[in-house]
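Student:
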Amino acid sequence: MNMPRATARLQLHAGFTFDDARNCVDYYADLGVSHLYLSPITRARAGSTHGYDVIDHGMVNPELGGESALRNLAHAARRRGLGLIADIVPNHMAAHPANGWWRDVLEHGAASAHARDFDISWDAEDPALRGKVLLPVLPEPYGVSLMQGAMRLQYNAGTDRVELDVGGLRYPVAPESIPRGLDPHTLLRRCDPARTAGRERLHRLLECQHYRLAWWRCAADQINWRRFFEISDLVGVRVEDDSVFDAVHALVLRLYSEGILDGLRIDHIDGLAAPGAYLRRLARGLAEAGASRPASCTQTQAYLVAEKILAPGESPDPRWQFHGTTGYDFMDEVGALLHDPDAEAPLRAFWQLLTGDLRTPQVQLEAARVRMLERHFAAERQALVRSLERVARLERQTRDWSAAAIDRAMSAWLVAFPVYRSYAEDGGRSDGDRHWCDIATQRAQALLGARSGTSDAALLAQLNQWLSGSVTPAPIPARAVSPQQQARAETAQALRRCQQLTPPLAAKALEDTLFYRYGPLLSRNEVGASPGRFALAPDAFHALVQARADRHPYAMLATATHDHKRGEDVRARLAVLSEMPDAWRKTAYRWIHALPDGGLFSLADRYMLTQTLVGAWPADWPVDVVDEPDDALGAWIERVGQWQLKALREAKLHTSWTDPDSAYEAVAGNALMHLRDTVPGRRLLTEMADFALTLAPAGMINGLAQTLLRNTLPGIPDLYQGTELWDDSLVDPDNRRPVDYPRRIALLARARAEQSIPAREADWRSAAVKQTLIQRLLAARQRQPALFGVGTCVPLQISGTQARHALAWLRQHDNARALIVAPRLCALRLSGYARGAPAAAAEFWADTVLHLPTGSSGPWQDVLGGKDFKAGTNGALRLADVLGGLPVALCLSVDA
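Just so we're aligned, residue 1 is where the sequence shown starts under the UniProt record's numbering, counting upward by one.
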């Protein structure tokens with residue numbers, strides 16, 4: 001087994017184990033995927049629903065069934081011709097006492113065998129943290145928590161050790177801090193926080209630990225170890241060190257060598273100190289492990305992809321040794337393709353009317369970055385400034401730059417930085433890095449008002465040079481060395497701090513702040529998207545398709561993920577609003593003002609709620625569900641309410657995770673309850689539901705278009721669990737709900753017995769049409785793997801009245817050819833397909849034809865409808881014929 005043909009992502013946890021996945025093998029094999037793509041399989045915190053909070057890289061998670069169950073899954077998959085790809089987490093682990101490495105650090109401090117495995121600054125500027133780890137786990141400030149008994153000693157009879165209980169978690173106590181010969185039970189009595197003397201003794205004991213207990217709010221300002229984003233439950237791992245790399249990867253490399261795994265997905269590669277070096281080492285490790293794979297599992301190389309967010313105009317570093325990204329870039333591109341660019345201006349104007357905020361999205365993003373730097377990443381920012389200050393002190397020409405000046409200039413540069421990070425390794429910046437860093441420098445000058453020749457401009461240029469990676473890295477010296485060696489080491493550390501700060505800053509400012517603040521059309525607020533790109537022209541889209549085919553033909557193509565903010569079909573339905581912006585604005589304005597506001601609920605938040613209700617209303621629910629509220633409606637309203645609470649807190653405008661405003665949240669929640677529980681509210685919800693169902697057929701057209709493109713254009717199509725039916729999910733954890741496999745299995749069995757794709761109205765409502773489309777497309781890929789794997793992809797010319805509304809490509813490899821046809825920006829006018837009137841819908845194409853190159857006239861077989869076509873002598877093929885029964889088409893040359 002070599003490169004995947006198509007993957008299916010499965011979210012594993014205690015409620016969906018390896019055995020549950022094994023029960024789905026036949027279904028996914030019948031659907032047509034070649035690999036199951038598993039969420040993290042290593043041991044995570046007890047009860048983890050996602051697996052990214054790893055506590056042991058060397059063990060298959062027992063909550064998932066352990067290694068024996070994983071082997072059973074692999075063997076069952078192999079019998080059906082499927083392989084396994086695993087998501088791995090090299091960047092971080094759970095900062096939890098169940099993590100043996102972390103626990104050892106907490107117990108022994110800098111003397112721990114694992115002290116250097118984590119990214120901890122043991123020489124913190126704060127004397128109270130030197131040689132200690134900040135542990136921001138207290139619910140209240142330290143003194144209050146001590147007084148309230150939030151931490152107390154406990155005796156563990158199983159280990160015969162005294163431990164510290166904080167909120168139900170047991171932390172180790174340094175052995176040397178306990179008086180020799182003192183009986184544990186006596187120690188517990190003496191340190192009882194219920195008594196004044198006991199609290200004083202407990203405090204003195206806590207001051208002797210290798211960690212400093214602190215209020216959870218202290219983390220942003222005082223943390224002295226690298227976190228995952230701003231999550232203080234996840235600690236950064238120094239996987240750049242050889243010993244750490246070996247420990248983190250020993251299990252997965254062994255499983256690859258034994259033929260259990262066939263590929264890896266690297267989580268958050270931007271968090272690593274040196275992604276390029278990491279990928280080279282991992283590729284070598286996989287190659288070495290591959291040499292001992294069983295003969296039945298031989299493959300030329302492991303499949304290797306990385307989670308990487310790309311900004312518009314950005315490409316993966318060409319020095320990386322991997323097969324490509326996990327598909328967020330494609331998800332953004334295909335989404336933008338389905339939005340009408342003419343709608344951007346009126347929808348943005350409507351948003352400005354609601355908010356009164358006339359700033360550009362870029363300026364709003366910069367404001368979000370300022371907040372994140374000042375209030376959420378203050379400790380990381382100051383650590384970077386101190387590193388740069390030390391670099392400045394090493395040269396006479398730069399020693400007068402103060403920490404305050406560096407902070408001011410560096411903060412502006414970080415606010416202006418346009419991509420996730422630079423990759424200044426392997427000899428310095430790439431051409432792409434230089435481009436983005438120059439943009440950041442120029443924009444920072446503008447933000448500071450620094451004209452050429454001013455001191456701020458000079459400092460920015462100096463910072464840009466220090467962070468260029470042009471200085472050969474060196475470890476921080478342990479003793480006095482030459483100034484040149486010291487400068488190399490300090491500059492390398494500053495660069496590393498910068499490159500590991502920009503990714504969380506970018507993600508939290510854009511995805512988890514601005515995309516909850518800025519909402520002209522929520523279908524364009526998605527992971528991987530940019531507020532500056534509302535739509536994408538066909539030529540621009542094809543250029544991106546061609547670039548991926550040239551550089552990473554085996555990159556993943558995704559339209560739904562475990563991280564998406566809205567399901568692929570929610571986005572597809574909302575995209576239809578770009579075809580009717582004026583009518584939508586009038587309707588939305590009326591609804592917004594019909595919602596109760598309690599004097600607090602902002603127009604902007606009401607508009608986001610309105611979009612969500614319209615986008616996520618289930619396609620198979622009749623309007624009268626509102627008239628007779630039942631458990632299903634109540635559960636749906638609750639799901640929307642969970643989304644709303646998260647959206648409001650992430651926006652950080654009226655409430656937040658750190659400072660929740662219960663009054664505002666209550667008013668927002670009451671608006672939803674009004675829709676469910678009051679007569680006027682149900683009347684309004686009925687109107688919204690009726691509108692959603694009117695819009696739904698057009699949304700389905702868009703949904704099939706993006707499904708077709710994901711499964712036929714260059715790349716490896718990735719199916720997120722359950723999204724083979726209409727995906728009305730919202731942001732996590734909603735997008736990780738259980739999948740109804742019995743329903744999908746029954747629908748697929750019926751579909752495989754059909755001669756052509758069922759296109760009755762009921763089949764559209766049930767999503768049988770989408771599932772069957774996927775099965776037929778994947779069957780075509782299985783029939784012609786080289787054609788879809790490495791075949792050329794050429795856009796075709798279309799002429800006629802509706803030419804701007806159709807897209808077509810010709811894929812070719814040797815004598816095999818495939819014709820791909822999809823609609824664009826006409827979903828409303830094609831709704832008849834989904835309403836059971838395909839013949840009437842097909843009349844839309846009238847005189848529109850696509851033009852095939854010489855020698856490609858046919859005959860062609862429509863793999864979706866079973867019909868044969870042949871172009872005219874001039875190579876023209878009528879779209880009304882090709883799209884007679886469905887709004888999309890895939891045709892294979894009959895002689896292929």
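Virtual Cβ for every residue (Gly too), placed ideally from N, Cα, C.
Can you name the start and end residues of the alpha helix (DSSP H) that alanine 632 belongs to?
Tutor: Taken as a continuous stretch (DSSP letters only), the alpha helix (DSSP H) holding alanine 632 covers 631-651.
Student: Run the CB neighbour count on tryptophan 657, radius 10 Å, all protein chains shown included, and call it buried at 16 or more, exposed below.
Tutor: Looking at its Cβ environment, which holds fewer than 16 other Cβ atoms inside 10 Å, tryptophan 657 is exposed.
Student: Is tryptophan 225 helix, strand or coil when you go by DSSP?
Tutor: Of the three classes helix, strand and coil, the one that applies to tryptophan 225 here is strand, per DSSP.
Student: Just tell me which of Arg170, Pro136 and Asp734 has its CA closest to the CA of valine 235.
Tutor: Measuring from the Cα of valine 235, the nearest candidate turns out to be Pro136.
Student: Which residues in the same chain have their Cβ closer than 7 Å to the Cβ of serine 470, if we skip the five residues on either side of it in sequence?
Tutor: Gly428, listed in sequence order.
Student: For my contact list, isoleucine 716 and alanine 6 are in at a C-beta cut-off of 8 Å; report their separation, rounded to the angstrom.
Tutor: About 7 Å; that satisfies the 8 Å criterion.
Student: Between His805, Cys208 and Ala291, which lies nearest to leucine 255 when the distance is taken from Cα to Cα?
Tutor: Checking every option, the nearest Cα to that of leucine 255 belongs to Ala291.
Student: Let me know if glutamine 321 comes out buried or exposed under the rule of 16 or more other beta-carbons within 10 Å of its beta-carbon.
Tutor: When all chains shown are included, glutamine 321 counts as exposed.
Student: Please work out which residues of its chain come closer than 6 Å, Cβ to Cβ, to proline 859, disregarding the five sequence neighbours upstream and downstream, and give them in chain order.
Tutor: Once the five neighbours on either side are set aside, the close Cβ partners of proline 859 are Asp868, Lys870 and Val894.
Student: Name the DSSP bridge partner or partners of methionine 151?
Tutor: Note: methionine 151 sits in a beta bridge opposite Val166.
Student: Let me confirm a value: asparagine 156 is counted as buried when at least 16 other C-beta atoms fall within 10 Å, else exposed. Which label applies?
Tutor: Asparagine 156 comes out exposed.
Student: Flag this pair as yes or no: are the beta carbons of serine 530 and histidine 339 separated by less than 8 Å?
Tutor: Cβ distance not < 8 Å, so serine 530 and histidine 339 don't count as in contact.
Student: Between leucine 310 and threonine 325, which are expected to be in contact by the criterion C-beta below 8 Å, what is the C-beta distance as a whole number of angstroms?
Tutor: Right, their Cβ atoms sit about 7 Å apart.
Student: Could you tell me which uninterrupted alpha helix (DSSP H) segments, each at least 4 residues in length, are contained entirely in the region 512-589, listed from first to last along the chain?
Tutor: Correct list: 538-551 and 568-575.
Student: Cα-Cα, which of Gln782, Val252 and Leu501 is closest to leucine 373?
Tutor: For the residues Gln782, Val252 and Leu501, the minimum Cα distance to leucine 373 belongs to Leu501.
Student: From Pro503, Gln11, Arg212 and Asp734, pick the residue whose C-alpha is nearest to that of glutamine 721; which is it?
Tutor: Among Pro503, Gln11, Arg212 and Asp734, the Cα nearest to that of glutamine 721 is on Gln11.
Student: Along the alpha helix (DSSP H) that carries serine 893, what are the first and last residues, could you check?
Tutor: Serine 893 -> not in any alpha helix (DSSP H); beta strand (DSSP E) instead, spanning 889-893.
Student: Give me the residue from Ala666, Arg750, Ser831 and His552 with the minimum Cα distance to valine 576.
Tutor: Checking every option, the nearest Cα to that of valine 576 belongs to Ser831.
Student: Between the C-alpha atoms of threonine 17 and arginine 743, what's the straight-line distance to the nearest angstrom?
Tutor: If you take the alpha carbons of threonine 17 and arginine 743, they lie about 19 Å apart.
Student: Following the continuous alpha helix (DSSP H) through glycine 198, name the residue where it begins and the one where it ends.
Tutor: Run containing glycine 198: 196-207, per the alpha helix (DSSP H) assignment.
Student: Pick helix, strand or coil for methionine 331, following the three-state DSSP scheme.
Tutor: Methionine 331 falls in the helix class under three-state DSSP.
Student: Can you tell me which of the three DSSP states isoleucine 592 falls into?
Tutor: In this structure, isoleucine 592 counts as helix in the three-state DSSP scheme.
Student: Please say whether arginine 393 and glutamate 125 have beta carbons closer to each other than 8 Å?
Tutor: No.
Student: I need the straight-line Cα distance from glycine 167 to alanine 150, nearest angstrom please.
Tutor: Straight-line Cα distance between these residues: approximately 7 Å.
Student: With DSSP as the reference, identify every bridge partner of tryptophan 351, one or two as the case may be.
Tutor: Tryptophan 351 is not bridged to any residue.
Student: Which value, in whole angstroms, describes the spacing of the CA atoms of threonine 772 and arginine 752?
Tutor: Whole-angstrom Cα-Cα distance: 8 Å.
Student: Could you round the C-beta distance between alanine 558 and tyrosine 328 to whole angstroms and report it? I think they count as a contact, below 8 Å.
Tutor: Going by Cβ atoms, the distance from alanine 558 to tyrosine 328 rounds to 7 Å, so yes, they are a contact pair.
Student: Classify methionine 331 as buried or exposed, calling it buried when 16 or more other Cβ atoms lie within 10 Å of its own Cβ.
Tutor: Buried, because 16 or more other Cβ atoms sit within 10 Å of the Cβ of methionine 331.
Student: Please work out which residues of its chain come closer than 7 Å, Cβ to Cβ, to leucine 574, disregarding the five sequence neighbours upstream and downstream, and give them in chain order.
Tutor: Counting only Cβ-Cβ distances below 7 Å, and skipping sequence neighbours, we find Leu521, Leu522, Ser523, Gln611 and Gly615.
Student: Tell me, please, whether the region 197-210 touches the region 238-250 by the rule of three or more beta-carbon pairs shorter than 8 Å.
Tutor: Contact between the region 197-210 and the region 238-250 is absent, because fewer than three Cβ pairs lie under 8 Å.
Student: Please list, in chain order, all residues of the same chain as isoleucine 223 whose beta carbon is under 8 Å from its beta carbon, the five residues on each side excluded.
Tutor: Excluding residues within five positions, the ones whose Cβ falls inside 8 Å are Leu134, Pro136, Ser232, Ala379 and Glu380.
Student: Check this for me: beta carbons of aspartate 117 and valine 237, under 8 Å apart or not?
Tutor: Result yes, Cβ atoms of aspartate 117 and valine 237 sit closer than 8 Å.
Student: Can you give the Cα-Cα distance for proline 823 and aspartate 718, rounded to whole angstroms?
Tutor: Spanning the two alpha carbons is a distance of roughly 22 Å.
Student: Mind the definition here: the region 291-307 touches the region 396-410 only if three or more C-beta pairs lie below 8 Å; say whether that holds.
Tutor: Output reads no: the region 396-410 does not touch the region 291-307.
Student: Within 10 angstroms of its Cβ, does proline 4 collect 16 or more other Cβ (buried), or is it exposed?
Tutor: Buried, because 16 or more other Cβ atoms sit within 10 Å of the Cβ of proline 4.
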